[in-house]
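Q: Using the UniProt record's numbering, the letters of the sequence shown correspond one by one to residues 1 to 127. Quick reminder that beta carbons are idealized off the backbone N, C-alpha and C, glycines included. Treat the numbers as computed from the prediction; the structure is a model and nothing was measured.
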Amino acid sequence: MSDHRARPRTYDERGSVTAEFSVTLPVVVFLLAVLLGAGSAAMQQVRLEEAARAAARSLARGDTQDVAKAGTLRLAGGRAWLEIQDDGGGFVRATVRAPAPGVLGTAVPWIQSAQSTAAREDTGGDP
């Protein structure tokens with residue numbers, strides 16, 4: 001049988017684990033920040049889509065633009081803004097935009113957006 005003994009540590013290897021850890025730690029922190037930023041951006045995208053749908057439905061029912069904007073700010077957050085387009089043919093399009101949150105939004109000028117189109121409801125007289 002052979003004797004498997006751990007070879008003794010030499011003076012040159014001292015501190016190598018600390019050096020490797022100090023090199024990899026910033027990379028791990030950076031990747032964690034990017035992952036958290038991507039998660040925040042994904043959640044905001046869902047909120048923007050819901051706000052765009054709500055604004056388009058509100059305008060299609062005949063609500064004023066102020067009512068639609070108030071609902072948009074409530075659903076998408078205070079940094080969002082609403083753009084309204086009426087094609088004149090019975091459809092209204094709501095586009096909601098907001099800067100990306102977190103690290104991604106501050107590192108890169110990224111504006112997220114969502115839009116929704118709805119047919120105007122007939123608010124005329126009796127059928």
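1. Which partner residues does glutamate 83 have in the DSSP bridge list?
2. Determine contact between the segment 81-101 and the segment 112-120, defined as no fewer than three beta-carbon pairs at a distance below 8 Å.
3. Could you have a look at aspartate 126 and say whether DSSP puts it in helix, strand or coil?
4. DSSP three-state label for alanine 100, please.
5. For the structure I just gave you, are there three or more beta carbon pairs, one from the segment 61-79 and one from the segment 14-26, closer than 8 Å?
6. Do leucine 35 and glycine 102 have their CB atoms nearer than 8 Å?
7. What do you reckon, are the CB atoms on valine 92 and alanine 51 nearer than 8 Å?
8. My guess is that leucine 82 and alanine 55 are in contact by the Cβ rule of under 8 Å, so how many angstroms apart are they, rounded?
A: Let me spell this out:
1. Start at 1 with the first residue of the sequence shown, and residue 83 comes out as number 83. Bridge pairing for glutamate 83: Thr95 [DSSP].
2. A contact exists between the segment 81-101 and the segment 112-120.
3. Stepping through the sequence shown from its first residue, residue 126 is reached at position 126. Low per-residue confidence applies at aspartate 126: pLDDT is 49, beneath 50, and the placement is therefore not dependable enough to give any value.
4. The count along the sequence shown starts at 1 and reaches residue 100 at position 100. Under the three-state reduction of DSSP, alanine 100 is assigned to coil, being neither helix nor strand.
5. Segments in contact, no.
6. For the purposes of this step, residue 35 is identified with residue 35 of the sequence shown, where counting begins at 1. For the purposes of this step, residue 102 is identified with residue 102 of the sequence shown, where counting begins at 1. In this structure, leucine 35 lies away from glycine 102, with their beta-carbon atoms at least 8 Å apart.
7. Taking the first residue of the sequence shown as position 1, residue 92 is located at position 92. Taking the first residue of the sequence shown as position 1, residue 51 is located at position 51. For valine 92 and alanine 51, no; Cβs fall outside 8 Å.
8. Along the sequence shown, one-based indexing puts residue 82 at 82. Along the sequence shown, one-based indexing puts residue 55 at 55. Yes, leucine 82 and alanine 55 are in contact; Cβ-Cβ is about 6 Å, under 8 Å.
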